[in-house]
Every structure is written in C-alpha cells, then in structure tokens.
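A.B. asks:
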Amino acid sequence: MADLTYSADAHNVLSKFYNADKMVYVEGDDDVLFWEFIFNKFSNFKVKVQGVGGKPELEKYIKRICDGEINSIAAMDSDFSIFDSDEPRSNVISTCGYSIENTLISPSTIRDVIRAIGRLPQKEVPIDICGEWLRQFIDGSKALIFHDVQNYILGSGLLLSLDNCSRFLISKTEPFLCSKKIEKHIESIGSIIDEGAFHCIQSEVDKHPSGCMGLTRGHYLFSATLAFVSFFIRNIRGKASISNEALFGALILAFEKHFDDSHEHYSHYQSELSRIVA
16 MADLTYSADA
26 HNVLSKFYNA
36 DKMVYVEGDD
46 DVLFWEFIFN
56 KFSNFKVKVQ
66 GVGGKPELEK
76 YIKRICDGEI
86 NSIAAMDSDF
96 SIFDSDEPRS
106 NVISTCGYSI
116 ENTLISPSTI
126 RDVIRAIGRL
136 PQKEVPIDIC
146 GEWLRQFIDG
156 SKALIFHDVQ
166 NYILGSGLLL
176 SLDNCSRFLI
186 SKTEPFLCSK
196 KIEKHIESIG
206 SIIDEGAFHC
216 IQSEVDKHPS
226 GCMGLTRGHY
236 LFSATLAFVS
246 FFIRNIRGKA
256 SISNEALFGA
266 LILAFEKHFD
276 DSHEHYSHYQ
286 SELSRIVA
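Converting from the sequence shown to our numbering requires adding 15 to each position, the first position being numbered 1.
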C-alpha cells in the first residue's frame, strides 16, 4: 500500500525507485494487475501501479494530483459517476463500467475461465451458453440495477445489498435469478422508481457500450460469474471448489488474451490514457 504521508518531493521521485516514469495509484491491490495491463497496452511510458487501500484513500491522492502537489496518476472505478456533472480531472482516469469487473467479464473470458479451472476441452464449453447465461442474468437484474442507480441519484440511503447476488438466486447451487426474490427485496426496502429517474437511467443505459451491464456493481457481477463457473464445472466434473482469488486471477489472464480493438471498452481506455499529461 502506498503511503500518503510522503512529502510531495518524495512522491515525485518515488517512481525512480521502481525504474518507472510515473506512479499510478489505484483503489486496492486487486486493481493493480488490471491497470498495469491497460497502461502497458496504451501508454508509451513506464508506470508503477500501487494500491492505496480503498476509494477514500485514493481521493486524498487525487486531491494532491489535481492541486499540482504530486506529479502522479490516479486510476479508479467509475461507479455511478456518469450521473454526476463533474468535468474530467487531469491525470485521473476511470473504468468504462462501474468497476474493473465490468470490463473483465464477458462470454469469452467466462468460457476461458471454465476451461482453465475445469480443465475442459473447448468443445465442452460453448461460448453461446456463456453468453446466453450472462445476457439473461443482466436482464433479470435490470430492476435491481435501476433501483440502485436511482438510490444514488436521489441520495436515498436505501440498502439494496448488491455486493453479492446469492440472495437473489433460485438456490445456493444454481446461478439463475429468482424474480420473486428480487421483487420481494425491492418491496421490503420501499424503493419506487421515479419516472424522471427511470428515463434518465434508461438514457445512460442506451448510451453505454455495455448497456445495463455497464451499470452493474462489480462485486455483484463477480459473485454471479463465480456461481456460474462453479455450476458449469460441477455439472461436468461432479464437484467444484473455486476461490475468489482463483477466479479473479483466471479472469485477468483471459481478459489479457481477448482485449483488443474489437472489445466494446477498448476505445474508452484508449481515450482515457490519451488524456494523461506526462
């Protein structure tokens, strides 16, 4: 973890200790591999990427960057910032979707993860099945996502509990959503979609390269992917025990293999990196 207590001068020479041109500060250690890859893909300078222990800590670095105190870069999750009116900040870049998981997870990466962890031949893991499950899952999550966004826009403070999808699945062993559980949950927290908010959210969904998936919380999407990968492998192998760490590592490797100019988020990251002032 980076240390904010360093003086500005110390921060500005820290990159030299790592044989890098720039320090890049990110929210957590899980973000490091993703942003290292993105910078290697699009930048013509060397970077050292460091996690700082969360978004509140990263905001402190961002303030120092924007104030011109330290000559560094910050890379962060977008969350729901597309609904804010803030102007882009120099040397502060963000993900295309809610978080890095929204870029990492796709039918292609899910298929490769299943093959790698389950040790399965390609013909046993049709990409169409992975794509159809992902499409159905996002479609089934639309009500939750819209209520989550409205909660953000209005500052309602409602607890939608979307860090994990398990409570909304039909069972602990099947990665499919139960619409009745979703409806009951929304009713229980007293959330009602405002018509104006609905049209605002739908407008952003229509503009986003990933549609509704781009506004899905990363941990929620990750937990669903873990459930699907485990379900798929278990149906063939009879058992599956996959840790969060194993899934994340496999997703990173699969993403690095598939990320090219055909990826729907490619132009976003290319544009974000082009804004960096050396």
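Glycine is no exception: its CB is placed at the ideal position from the N, C-alpha and C atoms.
Counting pairs of Cβ atoms below 8 Å between the region 208-228 and the region 155-167, do you hit three or more?
C.D. replies: Enough Cβ pairs lie closer than 8 Å, so yes.
A.B. asks: DSSP on PHE191, reduced to helix/strand/coil?
C.D. replies: Note: PHE191 maps to strand in three-state DSSP.
A.B. asks: Residues in its own chain within less than 6 Å of ARG15 by CB, not counting five upstream and five downstream?
C.D. replies: Absent from the model: residue 15. The displayed extent of the chain is 16 to 293, so no value can be given.
A.B. asks: Can you check DSSP and say which residues form a bridge with ILE88?
C.D. replies: Answer by DSSP bridge pairing, in chain order: VAL39.
A.B. asks: Return the chain-ordered list of same chain residues with a C-beta closer than 8 Å to the C-beta of SER171, the five sequence neighbours on each side being excluded.
C.D. replies: Within the same chain, SER171 has close Cβ partners GLN165 and SER206.
A.B. asks: Cβ atoms of SER30 and LYS78: under 7 Å apart, would you say?
C.D. replies: No. Outside cutoff.
A.B. asks: Does DSSP put LEU184 in a helix, a strand or coil?
C.D. replies: Three-state result, LEU184: strand.
A.B. asks: Check whether the Cβ of GLY233 sits closer than 6 Å to any heavy atom of the ligand MG, and report yes or no.
C.D. replies: In the structure shown, the ligand MG is absent, as is every other ligand, since no ligand is present at all.
A.B. asks: Given a cut-off of 7 Å on the beta-carbon distance, is the pair HIS162 and ILE201 in contact?
C.D. replies: Contact flag set, yes.
A.B. asks: Can you tell which of SER286, SER87 and ILE267 has the C-alpha that lies nearest to the C-alpha of ILE115?
C.D. replies: Comparing Cα-Cα distances from ILE115 to each of SER286, SER87 and ILE267, the minimum goes to ILE267.
A.B. asks: Between the alpha carbons of ASP46 and ILE208, how many angstroms are there, rounded?
C.D. replies: Taking the straight line from one Cα to the other gives about 33 Å.
A.B. asks: Could you spell out the range, first to last residue, of the alpha helix (DSSP H) harbouring SER343?
C.D. replies: This structure does not reach residue 343, given that the chain is present from 16 up to 293, and the question cannot be answered.
A.B. asks: Since ILE62 sits in a beta bridge, which residues does DSSP pair it with?
C.D. replies: According to the sequence displayed, residue 62 carries Val and not Ile. DSSP lists LYS37 as partners of VAL62.
A.B. asks: Where do the ends of the alpha helix (DSSP H) carrying ILE144 lie?
C.D. replies: Segment 142-169, the alpha helix (DSSP H) holding ILE144.
A.B. asks: Which full runs of the alpha helix (DSSP H) of 4+ residues lie inside the region 189-231, going along the chain?
C.D. replies: Correct list: 194-204 and 210-222.
A.B. asks: Excluding the five sequence neighbours on either side, which residues of its own chain have a C-beta within less than 8 Å of the C-beta of ILE88, listed in chain order?
C.D. replies: These residues qualify, in order along the chain: LYS37, MET38, VAL39, TYR40, VAL62, ILE80, ASN106, VAL107, ILE108 and ILE291.
A.B. asks: Closest by CA to ASP178, which one among SER277, SER123 and ASP94?
C.D. replies: Nearest of SER277, SER123 and ASP94 to ASP178, Cα basis: ASP94.
A.B. asks: Could you give the DSSP three-state label for VAL292: helix, strand or coil?
C.D. replies: In the structure shown, VAL292 sits in coil (DSSP, three-state: anything other than H, G, I, E or B).
A.B. asks: Just tell me which of ASP44, GLU51 and ILE142 has its CA closest to the CA of VAL67.
C.D. replies: When only C-alpha atoms are compared, the closest one is ASP44.
A.B. asks: Cα separation between ASP99 and ILE168?
C.D. replies: Their backbone Cα atoms lie some 9 Å apart in a straight line.
A.B. asks: Touch check for the region 177-193 and the region 120-137: three-plus C-beta pairs under 8 Å?
C.D. replies: They do not touch, by the three-pair rule.
A.B. asks: Which same chain residues, not among the five before or five after SER245, have their C-beta less than 7 Å away from its C-beta?
C.D. replies: Correct list, in chain order: ALA255 and ILE257.
A.B. asks: Go through its chain and collect everything with a Cβ distance to THR231's Cβ below 7 Å, but skip five positions before and after it.
C.D. replies: Same-chain partners within the cutoff: TYR113, ASN117, ILE153, SER156 and ILE160.
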